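K.L.:
Protein chains: 2
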Amino acid sequence: MSMMKYTPRSEIESRIQRLQREIAELELDGAIITYHPDLFYFSGTSQNAHLFIPRTGEPLLMVKKSYTRARHESPIEDIVELPSLKKMPGMIEKAGYTDLGRLGFELDVIPYNTCLLYRKIFSDSEILDVSGAIKNVRLIKSPYEIELLREACSVIDEVYEDVPDWLREGMTEIELASLFEAGMRRRGYGGCCKMRAFNQDFFLGNVVSGTSGAVATYFDGPVGGSGLTPANNPHGAGWKKIKRDEIIYIDYTCVVNGYTADEARMFVIGRLPDKLTEAYRAALEIQREMVDLAKPGVECGVIYERAVGLADELGFGENFMGMGNERVRFVGHGVGLELDEMPVFARGVRMQLAPGMTFALEPKFVFPEGAIGIENTFAMQEDGAEVLTLANEEIISV
Amino acid sequence: MSMMKYTPRSEIESRIQRLQREIAELELDGAIITYHPDLFYFSGTSQNAHLFIPRTGEPLLMVKKSYTRARHESPIEDIVELPSLKKMPGMIEKAGYTDLGRLGFELDVIPYNTCLLYRKIFSDSEILDVSGAIKNVRLIKSPYEIELLREACSVIDEVYEDVPDWLREGMTEIELASLFEAGMRRRGYGGCCKMRAFNQDFFLGNVVSGTSGAVATYFDGPVGGSGLTPANNPHGAGWKKIKRDEIIYIDYTCVVNGYTADEARMFVIGRLPDKLTEAYRAALEIQREMVDLAKPGVECGVIYERAVGLADELGFGENFMGMGNERVRFVGHGVGLELDEMPVFARGVRMQLAPGMTFALEPKFVFPEGAIGIENTFAMQEDGAEVLTLANEEIISV
Chain A
1 MSMMKYTPRS EIESRIQRLQ REIAELELDG AIITYHPDLF YFSGTSQNAH
51 LFIPRTGEPL LMVKKSYTRA RHESPIEDIV ELPSLKKMPG MIEKAGYTDL
101 GRLGFELDVI PYNTCLLYRK IFSDSEILDV SGAIKNVRLI KSPYEIELLR
151 EACSVIDEVY EDVPDWLREG MTEIELASLF EAGMRRRGYG GCCKMRAFNQ
201 DFFLGNVVSG TSGAVATYFD GPVGGSGLTP ANNPHGAGWK KIKRDEIIYI
251 DYTCVVNGYT ADEARMFVIG RLPDKLTEAY RAALEIQREM VDLAKPGVEC
301 GVIYERAVGL ADELGFGENF MGMGNERVRF VGHGVGLELD EMPVFARGVR
351 MQLAPGMTFA LEPKFVFPEG AIGIENTFAM QEDGAEVLTL ANEEIISV
Chain B
1 MSMMKYTPRS EIESRIQRLQ REIAELELDG AIITYHPDLF YFSGTSQNAH
51 LFIPRTGEPL LMVKKSYTRA RHESPIEDIV ELPSLKKMPG MIEKAGYTDL
101 GRLGFELDVI PYNTCLLYRK IFSDSEILDV SGAIKNVRLI KSPYEIELLR
151 EACSVIDEVY EDVPDWLREG MTEIELASLF EAGMRRRGYG GCCKMRAFNQ
201 DFFLGNVVSG TSGAVATYFD GPVGGSGLTP ANNPHGAGWK KIKRDEIIYI
251 DYTCVVNGYT ADEARMFVIG RLPDKLTEAY RAALEIQREM VDLAKPGVEC
301 GVIYERAVGL ADELGFGENF MGMGNERVRF VGHGVGLELD EMPVFARGVR
351 MQLAPGMTFA LEPKFVFPEG AIGIENTFAM QEDGAEVLTL ANEEIISV
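Chains A and B, in that order, are what the protein sequence lines are.
So that you can map any letter, position 27 of the first sequence is 27 in full-length UniProt numbering, and since no number is skipped, the others follow by simple counting.
So that you can map any letter, position 344 of the second sequence is 344 in full-length UniProt numbering, and since no number is skipped, the others follow by simple counting.
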């Protein structure tokens with residue numbers, strides 16, 4: 001892993017064509033895309049830029065900073081410098097697009113005041129939401145994207161192999177976390193793990209040991225962790241020292257070339273209490289059942305219900321996906337350029353699995369003595385869910 | 001450093017009182033705060049919650065997740081569980097506040113669609129922007145906050161001391177970055193560095209060597225870096241190998257207990273070209289001049305102009321704060337719970353320095369052969385700017 005990877009032109013063209021079909025269906029005249037994960041998906045660059053995609057015709061990439069770099073990275077033909085946002089309507093008109101009566105923006109992420117600014121700049125246009133259409137297009141990954149995700153998964157797999165060498169009694173969670181994170185970084189973790197949801201940003205993942213695994217957080221996931229402070233990302237590894245015979249729960253994202261692997265594995269120095277070992281077996285069984293069920297055409301809600309039902313049957317229903325009133329109501333989520341993509345495996349979700357979807361399944365349990373479970377990243381193929389994260393699934397005891 | 005630090009009640013009370021004065025001036029009936037850095041500032045917790053601050057009277061913290069944890073962390077008296085956002089108006093009414101005709105929200109960061117939801121929920125209220133008032137209150141740091149910032153600065157200072165031991169010819173930028181980041185993490189770097197600006201998130205900081213320092217990015221700072229991918233945070237350390245006799249530019253944020261230190265230092269394996277050494281001397285001279293000027297009552301714009309003028313006088317004007325058309329138009333910025341706070345040291349900024357302001361000054365130059373400069377974090381005291389970051393300012397040669 002040591003080269004900058006640029007998105008091929010054919011990928012960009014097919015993505016834009018698919019969005020143009022959605023734009024036509026929404027009866028928009030075009031869309032303006034600026035949020036980095038979307039911008040990268042449709043243009044191949046994450047520079048400070050606005051991408052105009054007309055209902056039909058060629059896109060126009062207007063770049064504030066860095067123009068040089070955007071030209072180098074993006075296969076889009078028409079790339080112009082954008083000295084000021086106010087110049088956008090004129091530039092779009094100059095490119096030959098004069099009818100902008102209905103214009104789509106990413107209104108699920110763009111701040112309210114910024115949207116007011118767009119309204120002022122495009123004073124003759126109705127500003128509408130195009131984020132649903134963008135999510136629909138991004139939902140089905142191309143073979144190229146699945147290969148990138150596979151590489152991200154192989155990076156985190158490698159790091160999991162190093163964990164047994166690092167473990168020692170008395171080290172803090174944050175020490176172990178810093179080693180794991182550095183292991184991913186030097187192998188290609190590009191930086192932030194992107195979340196579309198507001199206020200849900202967190203730092204890469206979790207190392208929690210024993211009772212820390214029962215500390216709930218703001219984060220909409222089954223397992224929290226104390227973090228280092230109530231201030232900034234109170235989640236994941238904290239100052240707690242890792243003891244013998246307690247569960248060491250590691251769950252990280254790994255974003256390589258933009259694509260987000262998500263994988264959790266369990267470790268112990270010594271030997272786990274039987275209850276946790278049993279719960280882990282239940283998690284593996286739930287995972288197996290979900291994977292068996294996951295075929296094209298199956299509704300995600302059905303898989304969720306089966307997971308919850310099986311957790312009950314196995315006697316751990318009260319601790320499935322959290323504890324008490326801090327439980328979350330899903331067992332899996334789409335992954336791609338963001339961590340919180342579709343499909344969501346939750347109650348009542350009618351979305352059917354289809355080839356090209358990529359997602360993480362994460363049956364987990366939380367007890368007062370710790371969190372335990374499994375998480376893997378999958379790609380939906382014609383014949384079923386292919387697992388992309390391949391680290392040893394046994395509880396590793398040192 | 002090994003304890004969770006909770007905000008004292010007296011801090012929270014004084015902050016809320018100051019905001020209430022702003023709320024009264026804006027003729028609002030109250031404000032609802034949910035964006036994590038603001039929420040933490042006014043409540044002491046960053047859980048998933050909404051804080052209602054009435055124009056007069058006691059605040060009400062409504063918590064979705066984790067309620068237990070918010071109660072543990074926040075000194076606010078009135079804390080309730082919020083099962084659904086729709087319940088907010090009823091809860092606020094129950095707390096005795098019935099007149100919510102004009103309600104302030106953080107409209108500079110809240111996504112457009114989320115704001116529509118608030119509008120629906122508070123259908124009898126006018127939804128107005130309170131973000132300017134919040135920034136005004138947060139601008140002046142208390143002695144308690146300055147002590148927290150001082151601690152964050154001492155953490156990054158310690159990590160800079162380790163750098164000479166890590167440097168070796170042929171290592172990649174990302175290897176060095178992973179070591180630096182791990183050094184900060186295990187000493188207390190809590191996670192993300194918060195940016196208020198949309199689409200400006202980046203990963204902790206920069207390690208760039210030689211020509212990498214001239215690679216511009218989306219980021220609104222003087223120095224970019226290739227990053228590992230055009231996808232996700234194309235900024236900072238990349239795959240480039242570090243060579244002899246080239247500048248190794250390191251510039252990191254360090255967020256400890258929520259407060260953001262910002263510090264840059266220069267290294268070389270061997271010996272730098274004379275031009276870069278000279279430019280570095282110019283950066284130090286500009287820093288000295290800015291610090292001399294920085295007294296209470298002085299306008300930030302005046303300091304910016306003096307820095308730009310001095311860069312010109314010293315013969316490096318063309319390369320100050322970037323190169324060519326990728327230059328940025330500031331030489332410093334406020335730091336606190338976020339990296340992009342007020343005051344900004346830029347052209348025309350009339351804001352006057354005052355005791356309690358905390359900021360980073362960063363005179364830097366970018367040449368085709370690399371970036372070089374200095375950055376320190378300061379606290380404004382009655383008698384001048386006190387430097388809080390204390391690592392050796394010489395170019396360290398190994």
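Backbone N, C-alpha and C fix where the C-beta goes; we use that ideal spot for every residue, glycine too.
Given the structure is predicted, the values throughout are model-derived calculations rather than measurements.
Between which two residues does the beta strand (DSSP E) harbouring M62(B) extend?
P.N.:
60 to 65 is the extent of the beta strand (DSSP E) around M62(B).
K.L.:
Secondary structure at A152(A), three-state DSSP: helix, strand or coil?
P.N.:
Three-state result, A152(A): helix.
K.L.:
Give the residues from the segment 201 to 232 of chain A that approach chain B closer than 9 Å (Cβ to any Cβ), ordered along the chain.
P.N.:
Here the close residues are D201, F202, F203, L204, V215, A216, T217, Y218, F219, D220, G224, S226, G227, L228, T229, P230, A231, N232.
K.L.:
What is the residue span of the beta strand (DSSP E) that C254(B) lies within?
P.N.:
C254(B) -> beta strand (DSSP E) spans 247 to 256.
K.L.:
For K240(A) and S212(A), which I take to be in contact (beta-carbon distance under 8 Å), what is that distance rounded to the nearest angstrom?
P.N.:
Yes, K240(A) and S212(A) are in contact; Cβ-Cβ is about 5 Å, under 8 Å.
K.L.:
State buried or exposed for L117(A), treating a residue as buried only when at least 16 other CB atoms are found within 10 Å of its CB.
P.N.:
Classification of L117(A): exposed, given that the 10 Å Cβ count is below 16.
K.L.:
Hey, out of L85(A), K65(A), R21(A), whose CA is closest to G57(A)'s CA?
P.N.:
Checking every option, the nearest Cα to that of G57(A) belongs to R21(A).
K.L.:
For M88(A), I'd like the list of residues in its chain whose CB is within less than 8 Å of its CB, leaving aside the five on either flank, ordered along the chain.
P.N.:
Answer for M88(A): I32, H50, F52, M62, L82, I121, F122, listed in chain order.
K.L.:
What in chain B is Cβ-close to P111(A), meaning under 8 Å?
P.N.:
Under the 8 Å cutoff, chain B gives L107, D108, V109, I110, P111, Y112, F198.
K.L.:
Could you spell out where the alpha helix (DSSP H) holding Q200(A) opens and where it closes?
P.N.:
Looking at the DSSP string, Q200(A) is not in any alpha helix (DSSP H), and its letter there is neither H nor E.
K.L.:
Which of the residues in the segment 181 to 198 of chain A, read from start to end, lie with their CB under 9 Å from any CB of chain B?
P.N.:
Against chain B - using a Cβ distance shorter than 9 Å - the residues of the segment 181 to 198 of chain A are E181, A182, G183, M184, R185, R186, R187, G188, Y189, G190, G191, C192, C193, K194, F198.
K.L.:
Does the beta carbon of I92(A) fall short of 6 Å from some heavy atom of the ligand COA?
P.N.:
What this structure holds is no ligand at all, so the ligand COA is not there to describe.
K.L.:
What first and last residue would you give for the alpha helix (DSSP H) that runs through A31(A)?
P.N.:
First-last for A31(A): 30 to 33, but that is the beta strand (DSSP E), not the alpha helix (DSSP H).
K.L.:
Where are the alpha helix (DSSP H) runs, 4 residues long or more, that stay fully inside the UniProt domain "Creatinase N-terminal" (15 to 140) of chain B, in chain order?
P.N.:
Complete alpha helix (DSSP H) runs here, min 4: 36 to 43, 67 to 73, 88 to 94, 112 to 121, 131 to 139.
K.L.:
Of all Cβ atoms in chain A, is any one closer than 7 Å to the Cβ of S84(B)?
P.N.:
No - not a single Cβ of chain A is within 7 Å of the one on S84(B).
K.L.:
List the residues of chain A that T68(B) touches, going by C-beta distances under 8 Å, in chain order.
P.N.:
The contacting residues are A216, E326.
K.L.:
Check for me: the alpha helix (DSSP H) holding A216(A) runs from which residue to which?
P.N.:
Where A216(A) is concerned, there is no enclosing alpha helix (DSSP H), given that its DSSP letter is neither H nor E.
K.L.:
Do the CB positions of A294(A) and L353(A) come within less than 7 Å of each other?
P.N.:
Yes, these two residues count as a Cβ contact at 7 Å.
K.L.:
Of all the residues that make up the segment 288 to 303 of chain A, which are near chain C by a beta-carbon distance shorter than 8 Å?
P.N.:
Given the protein chain composition of this structure (A and B), no chain C is represented.
K.L.:
Have a look at V344(A) and G370(A) and give me their C-alpha separation to the nearest angstrom.
P.N.:
Roughly 25 Å between the two C-alpha positions.
K.L.:
Expressed to the nearest angstrom, what Euclidean distance is found between the alpha-carbon atoms of A385(A) and E285(A)?
P.N.:
Straight-line Cα distance between these residues: approximately 16 Å.
K.L.:
State the Cα-Cα distance for the pair F198(A) and Q47(B), rounded to the nearest angstrom.
P.N.:
Their backbone Cα atoms lie some 13 Å apart in a straight line.
K.L.:
On the premise that P54(B) lies in contact with G30(B), defined as a C-beta separation below 8 Å, what is that separation, rounded to the nearest angstrom?
P.N.:
Right, their Cβ atoms sit about 4 Å apart.
K.L.:
So, do the segment 191 to 205 of chain A and the segment 242 to 253 of chain B have three or more beta carbon pairs nearer to each other than 8 Å?
P.N.:
Taking 8 Å as the limit for Cβ pairs, the verdict is that the segment 242 to 253 of chain B does not touch the segment 191 to 205 of chain A.
K.L.:
Helix, strand or coil: how does DSSP classify D383(B) here?
P.N.:
Note: D383(B) maps to coil in three-state DSSP.
K.L.:
Going by alpha carbons, who is nearest to M323(B) out of D251(B), L339(B), T217(B), I79(B)?
P.N.:
Comparing Cα-Cα distances from M323(B) to each of D251(B), L339(B), T217(B), I79(B), the minimum goes to T217(B).
K.L.:
Kindly say whether T389(B), judged by its beta-carbon, lies nearer than 7 Å to any beta-carbon of chain A.
P.N.:
Not an interface residue.
K.L.:
Taking contact to mean 3 or more Cβ pairs, one atom from each stretch, closer than 8 Å, check whether the segment 155 to 166 of chain B and the segment 164 to 173 of chain A are in contact.
P.N.:
With a cut-off of 8 Å, the segment 164 to 173 of chain A and the segment 155 to 166 of chain B do not count as touching, because too few Cβ pairs lie within range.
K.L.:
Which residues of chain B have a Cβ atom closer than 9 Å to the Cβ of K120(A), listed in chain order?
P.N.:
The premise fails here: K120(A) is roughly 14 Å from chain B at the closest Cβ pair, so nothing lies under 9 Å.
K.L.:
Go ahead and pull the three-state DSSP assignment for D312(A).
P.N.:
Three-state DSSP puts D312(A) in a helix.
K.L.:
Counting only beta-carbon separations shorter than 7 Å, does E158(A) have a partner in chain B?
P.N.:
No, E158(A) lies away from the interface with chain B (no Cβ there is under 7 Å from its Cβ).
K.L.:
Which of the three DSSP states, helix, strand or coil, is assigned to R9(A)?
P.N.:
Reduced to three states, the DSSP call for R9(A) is helix.
K.L.:
In chain A, which residues lie less than 7 Å from A177(B) when you measure between Cβ atoms?
P.N.:
Here the neighbours are R185.
K.L.:
Between the beta-carbon of G44(B) and the beta-carbon of E73(B), is there less than 7 Å?
P.N.:
The answer is yes: Cβ separation under 7 Å.
K.L.:
Between T260(B) and V137(B), is the Cβ-Cβ spacing less than 7 Å?
P.N.:
It is not a contact, given that the beta carbons lie outside the stated cut-off.
K.L.:
Could you give the first and the last residue of the continuous alpha helix (DSSP H) run that contains L337(B)?
P.N.:
Per DSSP, L337(B) belongs to no alpha helix (DSSP H) and is neither H nor E.
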